[in-house]
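Presented below is the structure to which this report refers.
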Amino acid sequence: MKIVRLRSVATAALLVAGIATLAAAQQAQPIDLSRYEGAIQAFEAADRENMPPPGAIVVTGSSSIALWNDAMPADLAPLTVIPRGFGGSAMADVLHFVDRVVIAYRPRAVVIYEGDNDTGRFFVPPATIASELQQIIAAVHAELPDTRVYVMSVKPSLARVAVWDKAQEANALYQEVAAADERVHYIDVATPFLKADGTVMDDIFIDDGLHLNEKGTRIWASTIKAALMPLEAQHESTND
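Going by this note's numbering, the letters in the sequence shown line up with residues 9 to 248, in that order.
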């Protein structure tokens with residue numbers, strides 16, 4: 009798949025900035041796994057006031073999820089979801105906090121969106137990202153062997169065109185991980201953001217060229233809901 013042909017000075021600036029960032033960082037950057045401790049503690053404080061029901065669907069991941077936390081329950085209704093997106097996280101962060109951000113809720117399913125910052129900010133090799141995903145899945149299934157895991161593809165964006173090839177490598181590995189376990193499912197949120205000619209839509213982002221605007225969020229939400237409904241809708245009657 010190709011990313012959009014540049015059509016504006018603003019888009020060109022995003023591309024130049026992305027290439028410059030990539031050129032400045034030729035190796036994986038360190039990730040401070042303690043930096044979101046406060047965000048996780050905030051979730052735990054909210055849980056003490058109103059603990060979500062067991063058997064729901066945890067949705068976790070980076071800022072594309074975090075920015076959607078508030079609207080997610082309505083967008084994914086009638087599915088019962090627990091929004092747990094946090095900051096500009098990476099796959100390593102979900103692995104680090106998996107006990108507290110996933111397993112603690114005893115979910116019937118978990119949806120993970122990571123890889124965007126891994127490839128676009130921290131320059132983590134795709135094989136490492138996939139390995140961390142496998143460790144998350146193993147940790148979940150060690151405690152909750154029947155819990156389904158949905159891994160979302162990395163979405164294309166204008167801001168990270170320079171690393172789209174690495175994101176595609178990660179997506180291919182995610183599909184391999186899903187194919188190896190019937191409890192793991194791959195959600196393709198990349199293709200719905202592409203036009204018929206294979207270029208990325210340029211009217212689905214806010215000014216940063218990375219995060220989704222209202223139109224992009226509608227596409228995102230409907231794609232995720234369509235992927236979840238076949239298996240998850242049938243379990244809703246048990247969670248009343």
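No residue lacks a Cβ here, since even glycine has one placed at the ideal position from N, Cα and C.
Own chain, CB closer than 8 Å to residue i, minus 5 neighbours either side, in chain order
| i | result |
| --- | --- |
| Asp78 | Pro91 |
| Ala36 | Phe130, Phe131, Val132, Pro133 and Thr136 |
| Tyr44 | Phe94, Gly95, Ser97, Asp101 and Phe105 |
| Ala241 | Pro86 and Leu87 |
Terminal residues of the alpha helix (DSSP H) in which residue i lies
| i | result |
| --- | --- |
| Met80 | Met80 to Asp83 |
| Tyr182 | Trp172 to Ala187 |
| Ala100 | Met99 to His104 |
| Ser230 | Glu222 to Glu240 |
| Asp55 | Glu45 to Glu57 |
Sub-8 Å separation of residue i and residue j beta-carbons
| i | j | result |
| --- | --- | --- |
| Gly69 | Glu151 | no |
| Leu87 | Glu244 | yes |
| Arg108 | Leu239 | no |
| Thr231 | Val197 | yes |
| Gly217 | Leu166 | yes |
| Asp215 | Lys223 | no |
Residue i versus the options, residue with shortest Cα-Cα distance
| i | options | result |
| --- | --- | --- |
| Asp101 | Gln143, Ala170, Glu244 and Glu240 | Gln143 |
| His219 | Arg156, Ile73 and Val67 | Ile73 |
| Val194 | Ser165, Arg108, Ala178 and Gln183 | The question names Val, but residue 194 in the sequence shown is Tyr. Checked all of Ser165, Arg108, Ala178 and Gln183; the closest Cα to Tyr194 is Gln183. |
| Glu190 | Ile137, Glu244 and Ile145 | Ile145 |
| Trp228 | Ser97, Pro164 and Ile137 | Pro164 |
| Arg168 | Ala204, Phe213 and Leu103 | Phe213 |
| Met99 | Asp83, His149 and Ala175 | Ala175 |
| Ala170 | Val192, Ser161 and Asn125 | Asn125 |
| Leu236 | Val159, Pro38 and Asp215 | Val159 |
| Ala47 | Asp83, Ala138, Ser71 and Gly63 | Ser71 |
| Ala117 | Leu103, Ala64 and Ala204 | Ala64 |
| Pro38 | Val208, Val110, Thr127 and Leu202 | Thr127 |
Neighbourhood of residue i by C-beta, 7 Å cutoff - its chain only, sequence neighbours within 5 removed
| i | result |
| --- | --- |
| Lys60 | Lys is not the amino acid found at residue 60; the sequence shown has Pro there. Within the same chain, Pro60 has close Cβ partners Ile90 and Tyr113. |
| Ala31 | Low confidence applies to Ala31: its pLDDT is 43, below 50, so where it sits in the model is not reliable, and the reading given next is rough at best. There are no such residues. |
| Met80 | Val67, Val89 and Pro91 |
Boundaries (first-last residue) of the beta strand (DSSP E) holding residue i
| i | result |
| --- | --- |
| Val89 | Val89 to Gly93 |
| Ala117 | Ala117 to Tyr121 |
| Ile65 | Ile65 to Gly69 |
| Val132 | No beta strand (DSSP E) contains Val132, which DSSP labels as neither H nor E. |
| Ile6 | The structure shown does not extend to residue 6, since the chain spans only 9 to 248, so no value can be given for it. |
| Val157 | Arg156 to Met160 |
Rounded distance between the beta-carbons of residue j and residue i, thought under 8 Å
| i | j | result |
| --- | --- | --- |
| Val67 | Gly95 | The pair is not a contact, with the Cβ atoms about 15 Å apart (cut-off 8 Å). |
| Asn179 | Val192 | About 14 Å separates the two Cβ atoms, so there is no contact after all. |
| Val106 | Val148 | 7 Å |
| Glu140 | Leu103 | 5 Å |
| Lys233 | Leu84 | 5 Å |
Residues near residue i in its chain [Cβ-Cβ closer than 6 Å; skip 5 each side]
| i | result |
| --- | --- |
| Thr225 | none |
| Leu181 | Pro134 and Ala138 |
| Ile111 | Glu151 |
Near the ligand ADP: residue i beta-carbon under 7 Å from a heavy atom
| i | result |
| --- | --- |
| Ala188 | Questions concerning the ligand ADP fall outside what the structure shown contains, since it holds no ligand whatsoever. |
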